[in-house]
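Engineer:
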DNA sequence: CAGATTAGTCAAGCGACTTGACCATATAGT
DNA sequence: ACTATATGGTCAAGTCGCTTGACTAATCTG
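Residue numbers (this note's numbering), protein chains in the order written: chain A, 43 to 191; chain B, 43 to 191.
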């Protein structure tokens, strides 16, 4: 693959990814959840699968557990999540989405669906599926976290 | 497109994009440039096309011109760029890459090429080109900037 | 050539994150 | 069983990238 082709691929990939993150965020804000940031969405992804501990969240996001704890504090204060006693471990506390947290998660999914629908209108459903399949093959395993800056 | 397919597409796209950014950064660090961050790379992309003013850089990165000015200060201090008199505008100053800045840019290109080479080994050159073409069709125009957090 | 705009910097503050210290609980070693 | 170590979580303080606000110098507009 030529150098300029590689450059173009990178540019398109990064631009598309940034547009997705920014677009979902904009859609979530437009749906009335204007006090959260994209990073919170990455947390919601984990929390929507049955809750998580602060340490798990920290590992998921790639930050320290102190940072994750502060993030949870903030989301508790805004009513998106709440802390519960952990069933198996008295040290740990399970962080789960509240009703508002679920509403916000669904808003994010709807915003994301809108964006991807736009892609299917450009590429067609079949080719979008191919795109998804190819990306899945080159995507690394592991938690979904925002890129470093 | 089904909802779970859309979710998988998003996850793969974000993971691939993050892996690219993190991977380039790791490659640049491994090549000896350990005092810069991915954001600086986005700046280098613009500066490598004939230099730019602080205001242009600010617009490119999506930050205030004060932040861009500080970033330039930092890069000047580390020897990656230097400020020159602007040929046409006595108010403005042209920021250009130094020798070290060019070396670093080439290191980033090499690191990026390594990563994309890995993709072509998985997908094949032809299919990677299709991927690039499809992404180019859905990627928004505009400057290449890091996604919000 | 006066008024408004633009390029850039200085200064102060904010917010997300870090490191370091600490307590409570759980797990492992002998 | 009992100590030693590891793990989950929080508190406190500090760092760093970025912001808003105020300002100067130079350019454009009418």
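Note that beta-carbon positions come from the ideal geometry of N, C-alpha and C, so glycine has one too.
Note that the structure is a prediction, hence the values are computed from the model and not measured.
For residue 65/B, collect the residues of the same chain with a Cβ closer than 6 Å to its Cβ; drop the 5 residues on either side in sequence, then sort them by chain order.
Structural biologist: Residues 157 of the same chain have their beta carbon placed closer than 6 Å to that of residue 65/B, with the five preceding and five following residues left out of the count.
Engineer: Quick one: what does DSSP say residue 94/B is sitting in, helix, strand or coil?
Structural biologist: strand
Engineer: Using a Cβ-Cβ cutoff of less than 8 Å, which residues in the same chain neighbour residue 135/B once the five nearest sequence positions on both sides are dropped?
Structural biologist: 95, 96, 125, 126, 127, 128
Engineer: For chain A, check one thing: does any of its Cβ atoms lie closer than 9 Å to the Cβ of residue 106/B?
Structural biologist: no
Engineer: Between residue 151/A and chain B, is there a C-beta pair that is closer than 9 Å?
Structural biologist: Judged by the 9 Å Cβ criterion, residue 151/A is in contact with chain B.
Engineer: At a CB distance below 9 Å, what residues from the segment 97–126 of chain B approach chain A? Give them in sequence order.
Structural biologist: none
Engineer: Roughly how many angstroms lie between the CA atoms of residue 164/A and residue 113/B, to the nearest whole one?
Structural biologist: 38 Å
Engineer: Taking just the CA atoms, how far does residue 104/A sit from residue 110/B?
Structural biologist: 26 Å
Engineer: What first and last residue would you give for the alpha helix (DSSP H) that runs through residue 70/B?
Structural biologist: 45–72
Engineer: Tell me whether the beta-carbon of residue 171/B lies closer than 9 Å to the beta-carbon of residue 52/A.
Structural biologist: no
Engineer: Taking C-beta pairs closer than 7 Å, name the residues in chain A that residue 161/B reaches, listed in chain order.
Structural biologist: 180
Engineer: Examine the ligand ATP and report whether any of its heavy atoms sits within less than 8 Å of the Cβ of residue 83/B.
Structural biologist: Ligands in the displayed structure: none, and consequently the ligand ATP is not present.
Engineer: Determine the chain A residues that contact residue 154/B at a beta-carbon separation under 9 Å, and present them in chain order.
Structural biologist: 48, 49, 52
Engineer: Can you give, in chain order, each stretch of the alpha helix (DSSP H) that sits fully within the segment 91–134 of chain A and has at least 4 residues?
Structural biologist: 96–103, 107–119
Engineer: Just the chain A side, please: which residues come within less than 8 Å of residue 145/B by C-beta, in chain order?
Structural biologist: The contacting residues do not exist; residue 145/B stays about 17 Å from chain A at best.
Engineer: Between residue 131/A and chain B, is the shortest Cβ-Cβ distance under 9 Å, so that the two count as touching?
Structural biologist: no
Engineer: Kindly list the residues whose CB is nearer than 8 Å to the CB of residue 162/B, restricted to its own chain and excluding five residues on each side of it in sequence; keep chain order.
Structural biologist: 170
Engineer: Among the candidates 132/B, 123/B, 153/B, whose CA atom is the shortest distance from the CA of residue 140/B?
Structural biologist: 123/B
Engineer: On a Cα-Cα basis, can you pick out the residue from 115/B, 56/B, 72/B, 168/B that is closest to residue 209/B?
Structural biologist: No answer is possible for residue 209/B: it lies beyond the span of chain B, which begins at 43 and ends at 191.
Engineer: Rounding to the nearest angstrom, what Cα-Cα distance links residue 45/B and residue 155/A in this structure?
Structural biologist: 8 Å
Engineer: Taking just the CA atoms, how far does residue 133/B sit from residue 88/A?
Structural biologist: 50 Å
Engineer: What does DSSP give as the partner residue(s) for residue 136/A in the beta ladder?
Structural biologist: Among the bridge pairs identified by DSSP, residue 136/A is matched with 126/A.
Engineer: Please tell me whether residue 56/B and residue 59/A are closer than 9 Å, where the distance is taken between their beta carbons.
Structural biologist: yes
Engineer: Considering only the beta carbon of each residue, do residue 93/A and residue 121/A sit closer than 9 Å?
Structural biologist: no
Engineer: For the putative contact between residue 150/B and residue 70/B, defined by C-beta atoms under 8 Å, what is the C-beta separation to the nearest angstrom?
Structural biologist: 5 Å
Engineer: Does DSSP put residue 77/A in a helix, a strand or coil?
Structural biologist: coil
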